[in-house]
Amino acid sequence: MWRFLIPDPNPRKSLTDSKSKDELYMDLKTAAESRWFLPQNTSTSGLLQDCKARFVIPVDLELLILRNEKLLQKFHQMLGNGNKGSFYSKIAKQWEETINAVFRNETQGSWFDYIDTEGRQGHKTDF
């Protein structure tokens with residue numbers, strides 16, 4: 001699975017900054033790069049300082065990658081590259097199965113982002 005992670009250190013960091021400030025910076029930068037810069041999307045409390053964007057595996061990103069695999073399959077079939085078309089068809093099928101296995105919440109009847117932190121692992125259903 002894919003997720004956004006921007007690990008660059010803070011260029012304005014001073015020697016007195018703590019590790020938690022670096023982690024917050026990475027989470028905020030990841031949220032901004034992924035266009036998920038709303039605290040309610042990346043934290044359980046809704047507060048900016050509780051942002052945990054590094055631990056969110058967004059279902060929409062996985063669907064974009066699946067769409068790319070399907071487009072590559074069609075592209076190679078149109079060009080007459082049967083082997084490559086079959087290759088991307090197999091990858092797309094596996095990707096779709098994985099998306100359904102990881103992101104599908106049968107109780108809610110929908111697909112949700114996945115949270116993977118030390119304190120929480122599972123679907124993000126609280127909005």
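Numbered by the UniProt record's numbering, the letters in the sequence shown go through residues 1 to 127 in order. Cβ coordinates follow ideal geometry from the N, Cα and C atoms, glycine included.
Check                                                                                                      : Outcome
8 Å Cβ shell around W95 - same chain, five flanking residues per side excluded                             : E62, I65, L66, E69
Identity of the residues DSSP links to R104 by a beta bridge                                               : W111
For T117, the three-state DSSP class (helix, strand or coil)                                               : coil
Local conformation of G80 per DSSP, three classes                                                          : coil
Beta-carbon proximity check, Y114 vs V102, cutoff 8 Å                                                      : yes
C-beta contact flag for A53 and D27 at 8 Å                                                                 : yes
Outcome for F55 when other beta-carbon atoms lying within 10 angstroms are tallied against a minimum of 16 : buried
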